[in-house]
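Line by line, the protein sequences give chains V and S. The numbers in our numbering rise by one with no breaks, and the one at position 57 of the first sequence is 44. Going from the second sequence to our numbering is simple: count from 1 and add 1. A virtual CB, placed ideally from N, CA and C, is assigned to each residue, including glycine.
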Amino acid sequence: MTWVNAIVQGILLGGLYALFATGLSLGFGVMRLVNLAHGDLAILAAFIALSSATTLDINPLVTLAIVLPGAFVVGVVLQRLVFDRVVGVDPAFAIVATFGLSIVIQNALLEKYTADTRGLYVGELETSSIRVNDQISIGWLPLITFLCGVGVLAALALFLKRTKLGRAFRATSDDPEAARLMGIDNRRVYGVALGIAVATVALAGVLLGAQTSYDPFIGPSRLIYAFEAVIIGGLGSLWGTLAGGITLGVAQALGREYNSQWGELTGHAVFLAVLATRPTGMFGKVQA
Amino acid sequence: MSNQSERLLDIDGLDAGYGDFQALFGIELHVDQAETVSMIGANGAGKSTLLKAIAGMLEPTAGEIRYAGELLAGVPANRRVANGISLVPEGRRIFPSLSVEENLLVGAHIGRKGPWTKQRVMGAFPMLANLAGRSAARLSGGEQQTLAIGRALMANPQLLLLDEVSLGLAPVVVKQVYEAVPIIKGQGTTILIVEQDVNQALKVADRVYCLLEGRISLTGTPGSLAKEDVTEAYFGLASTTEAGA
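Below is the structure:
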């Protein structure tokens, strides 16, 4: 039964990984941007939530009302000021630019908040859980995180499928030049895409901060999980990202159940196995 | 030149190219309101480069392009669509992950008003109505070409640029695709066609330009051009041929 519990916890953890990975997947899908600062943006959001919660004396989860719109704006501005100059020019430039941004964020956070480990205290929610039986209990916070992940993915899928702007996203992803010939302003599409990407990863960062401790330099290690979730699920597939996140979460939880040292190892091993046997991932579309 | 009011497109001394490679040299060309003009020329003559410059996908190195009296320099491609210039690009460039219907809807992205709606386009090209829900990636070449034309019409262009619509299609399919031209013309749309297929290009055009190695080598109405002159202007066989319009 402890194995069943491990699987349940792994699935819930997978929701967080998927939430981390959604923006990465969107950025890559729409503008072929590999954003190495993605994880740092999450941690930045967690710190801003911490400051806002302390200053305003409110629950860190309530600060999401400020943090999420703020993150969207940050994404749009980043696109205009930084990525617009490098996207579509040369993939190497874009990677270097995001790498630079990652370093800037980490050091700015270090300057402001020191290297101390922090956490977001969300009150009773942190420890309360649903007891299914003696072996299995589901924490409210991981459950909420998982539901947020599924909700965000569902909303995004609906947006891409049903709205005019979503169609423009998909057209731009297929062929940015042809999309411009349809009158689509690809810079605007990229701006909104990065805004959504940063907002989703900010949500992930705040939920992460509520579940575990963090410091200014933890971003890149979170980015690895997000990358693995995207690759396992298949590049460009939103629901694949959820499947990838869950696969990674379950692999880690089962590894940890077997030997407490093994969690990360089994996660990476599963990732490598998928990469070796099915490089396009579980739901990856084969490039034409 | 006279009749400024009727002139929709006016190109003067246009040079364009890619990096160090110059593809067009001093192009002089005009297209009047409601005219259908064909630009013929061999592979590599610079025909597609010209259309790219008009559509805004390529910034010319010298010269002027005027559209409806306004200079187009610096106007980005997506804004030119809003001004009424639509290009059906070479190689069709339909959106493969979108359905046929979605491709048409993306074509109407800017919401320019005019005679063409999804219903009208599907009415004019019943093939598209029958395939509406199908993934555009699963269409045949001719179906994709028709979709690319329909998609461009959804933007209700005043000036429609058709780039090599016959490329890679069987003659019978080319004929079908070209049946669209009179329908489009019937809505008062001005058309500039770039084509390697001389017969097809002459058949639908009011006026013809021939492009040879980046320069205009011949111009006239289809009826006034002798076959030998066209051949000469197309292939540049006679060594005495002087470039110029």
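Three-state secondary structure (DSSP) at residue i?
i: residue 203 of chain S; result: helix
i: residue 106 of chain V; result: coil
i: residue 192 of chain S; result: strand
i: residue 171 of chain V; result: coil
i: residue 7 of chain V; result: helix
i: residue 32 of chain S; result: strand
i: residue 269 of chain V; result: coil
i: residue 55 of chain S; result: helix
i: residue 10 of chain S; result: strand
i: residue 163 of chain S; result: strand
i: residue 145 of chain V; result: helix
i: residue 204 of chain V; result: coil
i: residue 49 of chain V; result: coil
i: residue 58 of chain V; result: helix
i: residue 164 of chain V; result: helix
i: residue 213 of chain S; result: strand
i: residue 3 of chain S; result: Confidence at residue 3 of chain S is low in this model, with a pLDDT of 47, below 50, so the placement of that residue should be treated as unreliable; the coordinate-derived value is given next. Reduced to three states, the DSSP call for residue 3 of chain S is coil.
i: residue 121 of chain S; result: helix
i: residue 220 of chain S; result: strand
For residue i, count neighbouring C-beta atoms within 10 Å of its own C-beta (all shown protein chains included) and say buried if the count is 16 or more, exposed if not.
i: residue 209 of chain V; result: buried
i: residue 120 of chain V; result: exposed
i: residue 74 of chain S; result: exposed
i: residue 54 of chain V; result: buried
i: residue 60 of chain V; result: exposed
i: residue 325 of chain S; result: With chain S covering only 2 through 246, there is no way to say anything about residue 325 of chain S.
i: residue 118 of chain V; result: exposed
i: residue 161 of chain V; result: buried
i: residue 50 of chain S; result: buried
i: residue 0 of chain V; result: buried
i: residue 45 of chain V; result: exposed
i: residue 90 of chain V; result: exposed
i: residue 273 of chain V; result: With a pLDDT of 48 at residue 273 of chain V, under the threshold of 50, the modelled position of that residue is not reliable, and the figure given next carries that caveat. Exposed, because fewer than 16 other Cβ atoms sit within 10 Å of the Cβ of residue 273 of chain V.
i: residue 108 of chain V; result: exposed
i: residue 76 of chain V; result: exposed
i: residue 79 of chain V; result: exposed
i: residue 259 of chain V; result: exposed
i: residue 120 of chain S; result: exposed
Look at the alpha carbon of residue i and the alpha carbon of residue j, and state the distance between them as a whole number of angstroms.
i: residue 8 of chain V; j: residue 134 of chain V; result: 15 Å
i: residue 240 of chain S; j: residue 205 of chain S; result: At residue 240 of chain S, the pLDDT of 49 sits below 50, so the modelled position is not reliable and the matter cannot be decided from this model.
i: residue 38 of chain S; j: residue 211 of chain S; result: 11 Å
i: residue 257 of chain V; j: residue 159 of chain S; result: 56 Å
i: residue 192 of chain S; j: residue 207 of chain S; result: 10 Å
i: residue 65 of chain V; j: residue 62 of chain S; result: 32 Å
i: residue -9 of chain V; j: residue 69 of chain V; result: 46 Å
i: residue 246 of chain V; j: residue 240 of chain V; result: 10 Å
i: residue 266 of chain V; j: residue 218 of chain V; result: 8 Å
i: residue 189 of chain S; j: residue 118 of chain S; result: 15 Å
i: residue 78 of chain S; j: residue 34 of chain V; result: 41 Å
i: residue 178 of chain V; j: residue 184 of chain V; result: 10 Å
i: residue 246 of chain S; j: residue 209 of chain S; result: The pLDDT assigned to residue 246 of chain S is 39, lower than 50, so where the model puts this residue is not dependable, and the model offers no usable value.
i: residue 3 of chain V; j: residue 125 of chain S; result: 50 Å
i: residue 242 of chain S; j: residue 217 of chain S; result: Unreliable placement is indicated for residue 242 of chain S, whose pLDDT of 47 sits below 50; no coordinate value is reported for it.
i: residue 112 of chain V; j: residue 200 of chain V; result: 16 Å
i: residue 140 of chain V; j: residue 20 of chain S; result: 43 Å
i: residue 21 of chain V; j: residue 231 of chain V; result: 18 Å
i: residue 146 of chain V; j: residue 105 of chain V; result: 35 Å
i: residue 37 of chain V; j: residue 52 of chain V; result: 13 Å
i: residue 130 of chain S; j: residue 101 of chain S; result: 9 Å
i: residue 166 of chain V; j: residue 224 of chain V; result: 20 Å
i: residue 3 of chain S; j: residue 154 of chain S; result: Residue placement at residue 3 of chain S is flagged as unreliable, the pLDDT there being 47, under the threshold of 50; a coordinate-derived value is accordingly withheld.
i: residue 115 of chain S; j: residue 147 of chain S; result: 20 Å
i: residue 132 of chain V; j: residue -3 of chain V; result: 12 Å
i: residue 244 of chain S; j: residue 53 of chain S; result: Residue placement at residue 244 of chain S cannot be trusted, given a pLDDT of 47 that sits under 50; what the coordinates show is reported in the next sentence. If you take the alpha carbons of residue 244 of chain S and residue 53 of chain S, they lie about 22 Å apart.
i: residue 154 of chain V; j: residue 264 of chain V; result: 32 Å
i: residue 47 of chain V; j: residue 169 of chain V; result: 43 Å
i: residue 68 of chain S; j: residue 23 of chain V; result: 44 Å
i: residue 162 of chain S; j: residue 97 of chain S; result: 22 Å
i: residue 103 of chain V; j: residue 203 of chain V; result: 8 Å
What is the C-beta distance between residue i and residue j, in whole angstroms, given that I count them as a contact (C-beta under 8 Å)?
i: residue 57 of chain S; j: residue 32 of chain S; result: Actually they do not touch by this definition, with Cβ atoms about 16 Å apart.
i: residue 178 of chain S; j: residue 166 of chain S; result: 5 Å
i: residue 5 of chain V; j: residue 107 of chain S; result: Contact flag wrong, Cβ pair sits at about 28 Å.
i: residue 197 of chain S; j: residue 43 of chain S; result: 7 Å
- prompt: Taking Cβ-Cβ distances below 8 Å as the criterion, which residues of the stretch 143 to 176 of chain V are in contact with chain S?
  reply: 151, 154, 155, 157, 158, 160, 161, 162, 164, 165, 166, 167, 168, 169, 170, 171, 172, 173
message: By the 7 Å beta-carbon criterion, what residues does the stretch 110 to 135 of chain S contribute toward chain V?
response: 110, 111
field: Positions along the stretch 16 to 32 of chain S whose CB lies within less than 7 Å of some CB in chain V
entry: Within the stretch 16 to 32 of chain S, contact with chain V at the beta-carbon level (separation under 7 Å) is assigned to no residue.
query: When you check each C-beta in the stretch 55 to 87 of chain S against every C-beta of chain V, which residues fall closer than 9 Å?
result: 56, 57, 58, 77, 78, 79, 80, 81, 82, 83, 87
message: Output needed in chain order: residues of the stretch 96 to 109 of chain S with a Cβ under 9 Å from some Cβ in chain V.
response: 96, 97, 98, 99, 103, 104, 106, 107, 108, 109
message: What are the residues in the stretch 160 to 177 of chain S lying within 7 Å of chain V by C-beta distance?
response: Only those residues of the stretch 160 to 177 of chain S whose C-beta falls short of 7 Å from the nearest C-beta of chain V would be listed, and there are none.
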